[in-house]
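So the sequence shown is residues 1 to 339, counted in full-length UniProt numbering. Glycine included, every Cβ here is placed at the ideal spot set by N, Cα and C. Model, not experiment: these values are computed from the prediction. A short worksheet on the structure shown next.
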Amino acid sequence: MENVFARPTIASLPSCNAACKTGQRAARRGSLVWLIAIVALSMTPDPFEMRWAAGLFLLAPLVLMPLTLPLTAAPMPSKSVSQLWALLWRIQFPAATLAAISFTLPTGTWAGILATPWLLTTGLIALIGLLDFYTGQGRSLERLCSQVAMLYLPIGGVATVMARSELTVFGFSDIIILATAVHFHYAGFILLILAGKVIRHHRGNIVRFATALALFGIPALATGITLSRFNYRYPEWLAAGGLSTVAMIIAWGQCRVAVRNFSGVRRSLLLISGLSLIAGMCMSILFAAGVFRGVHLLGIDIPWMLRYHAVINAFGFALSGVCGWHFVEQQTMTEPGPN
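Take a look at the structure:
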């Protein structure tokens, strides 16, 4: 078995041009639905924090996921995996649209039912990732990032259904459950996928080691937050600080890759993404330190994090980063060889 820390070769680069084009079409449709959903959310009686968090969450299934999924494609998937990919592209947009509709309804049974197809979609993505791993589609750290990210995604799907069904666990508030859905779509999925792309081009072992730690940091933070309900504060603070630190190292690596390897729009988008992630993680560290001390450092509380940290991560880091690597992937398909 190949060491997961080994650098991938050019032969292992994904080359699914059809998937990229399909993702672009789905993202364009999703963008329109997202804008309509934002208008509809503004008319609901939900608290501002819930409407704001819902709008940022919906950006992921409607726009970001269609652009990110092609970045996870294996070079030569098996026939069964190819069939699952075809099914995924058929159900992704309808499921995301139903999830958007669920957020415009009052929380309850019907809203939960409409969010369930998205949970099933995330389960299908996880199944593809699992089969990708067991069929031997590479053992590089880059491939492992994609496979683990796909396996984490159903946790976000479960949290989405819980948030819309008014279900709770361990007494967590609705906003915390929705934040969990956001966390596993953005940090659990998009961050790991983009980290895998960074280490394909970055030769530094520090960035590769940080990426390996990020694979464990995602569930560690969720575990720490859960333990905080039982008055165990140290795990939450340590996990938040640790994940923020490794994310900043990955962001630094992406900025170096952008400057050294690319130019034009791709360089600009990857730089915006990396710098936004660094800024967002600095906010996370300040927020976690405030929670640990029982105060709001610099006035940073949950509403503040939703207004600034979440927006910077969603648009600055995720949208810019996904688009940047999407453009890189397209160039790789048309111009084989190192960039």
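Considering Cα atoms alone, identify which of 68, 166, 198 is closest to residue 254. The closest CA to that of residue 254, considering only 68, 166, 198, is found on 198.
Quick check on the DSSP output: the alpha helix (DSSP H) that includes residue 156 runs from which residue to which? For residue 156, the uninterrupted alpha helix (DSSP H) segment begins and ends at 141–165.
Using the rule of at least 16 other Cβ atoms within 10 Å of the residue's Cβ for burial, across every protein chain shown, is residue 283 buried or exposed? Buried is the call here.
For residue 315 and residue 20, the rounded distance between their alpha carbons: Their backbone Cα atoms lie some 20 Å apart in a straight line.
Ends of the alpha helix (DSSP H) at residue 315? Looking at the DSSP string, residue 315 is not in any alpha helix (DSSP H), and its letter there is neither H nor E.
C-beta atoms of residue 107 and residue 164 nearer than 8 Å: Cβ distance < 8 Å, so residue 107 and residue 164 count as in contact.
Measuring straight from C-alpha to C-alpha, what distance separates residue 310 and residue 176? CA-CA distance, residue 310 to residue 176, rounds to 13 Å.
With respect to the alpha helix (DSSP H) encompassing residue 174, which residues constitute its N-terminal and C-terminal limits? Under the DSSP assignment, residue 174 falls in the alpha helix (DSSP H) whose first and last residues are 174–185.
Quick check: the Cα distance between residue 82 and residue 25, rounded to an integer number of angstroms? For residue 82 and residue 25, the distance between alpha carbons rounds to 19 Å.
Measuring alpha carbon to alpha carbon, tell me which of 306, 313, 262 ends up nearest residue 248. Relative to residue 248, the option among 306, 313, 262 whose CA is nearest is 313.
Same chain, Cβ closer than 7 Å to residue 6, neighbours up to 5 away in sequence not counted: Residue confidence for residue 6 is low, a pLDDT of 37 falling below 50, so the modelled location carries little weight; the figure read from the coordinates is stated next. Cβ neighbours of residue 6 beyond the five flanking positions: 140.
Contact defined as beta carbons within less than 8 Å: I believe residue 118 pairs with residue 157. What is the distance between those atoms, to the nearest angstrom? Your pair residue 118 and residue 157 checks out as a contact, with CB atoms roughly 6 Å apart and the cut at 8 Å.
In angstroms, rounded to a whole number, what distance separates the CA positions of residue 128 and residue 298? Their Cα atoms are separated by approximately 44 Å.
I'd like to check one pair, residue 114 with residue 101: are the Cβ atoms closer than 8 Å? In this structure, residue 101 sits near residue 114, with a CB-CB distance shorter than 8 Å.
Stretch-stretch touch, CB-based, cutoff 8 Å, three pairs: the segment 207–227 with the segment 144–158: Contact holds between the segment 207–227 and the segment 144–158, because three or more Cβ pairs, one in each stretch, are under 8 Å apart.
Taking the straight line between their C-alpha atoms, what separation do you get for residue 97 and residue 130? If you take the alpha carbons of residue 97 and residue 130, they lie about 26 Å apart.
Locate the alpha helix (DSSP H) running through residue 65, then write down its first and last residues. Under the DSSP assignment, residue 65 falls in the alpha helix (DSSP H) whose first and last residues are 65–68.
Only counting the same chain, and skipping five residues up and downstream in sequence, which positions put a Cβ closer than 6 Å to that of residue 322? Same-chain partners within the cutoff: 64, 67, 68.
Can you tell me whether residue 204 is helix, strand or coil according to DSSP? Coil, per DSSP.
Would you report the Cα separation of residue 159 and residue 178, rounded to the nearest angstrom? Cα atoms of residue 159 and residue 178: separation of roughly 6 Å, rounded to the nearest angstrom.
Can you tell which of 61, 62, 38 has its C-alpha closest to the C-alpha of residue 51? Per the Cα distances, 38.
Exposure of residue 369, with buried meaning 16 or more beta-carbon neighbours within 10 Å: Within the shown structure, residues of the chain are numbered from 1 to 339, placing residue 369 beyond reach of any answer.
Excluding the five sequence neighbours on either side, which residues of its own chain have a C-beta within less than 7 Å of the C-beta of residue 285, listed in chain order? Result list for residue 285: 241, 244, in chain order.
Inter-residue CB distance, residue 58 and residue 103 (contact presumed, cutoff 8 Å): About 6 Å separates the two Cβ atoms, so the contact holds.
If you draw a straight line from the C-alpha of residue 202 to the C-alpha of residue 35, how long is it? A direct Cα-Cα distance of roughly 36 Å separates residue 202 from residue 35.
If you drop the 5 nearest sequence neighbours on each side, which residues of the same chain put their C-beta closer than 8 Å to that of residue 123? If we look at residue 123 and ignore the five residues flanking it on each side, its Cβ neighbours are 154, 157.
Report the three-state DSSP secondary structure of residue 73 (helix, strand or coil). Residue 73: coil per DSSP, three-state reduction.
Look at the alpha carbon of residue 33 and the alpha carbon of residue 279, and state the distance between them as a whole number of angstroms. C-alpha of residue 33 to C-alpha of residue 279: approximately 29 Å in a straight line.
Please list, in chain order, all residues of the same chain as residue 356 whose beta carbon is under 7 Å from its beta carbon, the five residues on each side excluded. Outside the shown range of the chain, which is 1 to 339, sits residue 356, and nothing can be said about it.
Report yes if the C-beta distance between residue 318 and residue 190 is below 8 Å; otherwise report no. Cβ distance < 8 Å, so residue 318 and residue 190 count as in contact.
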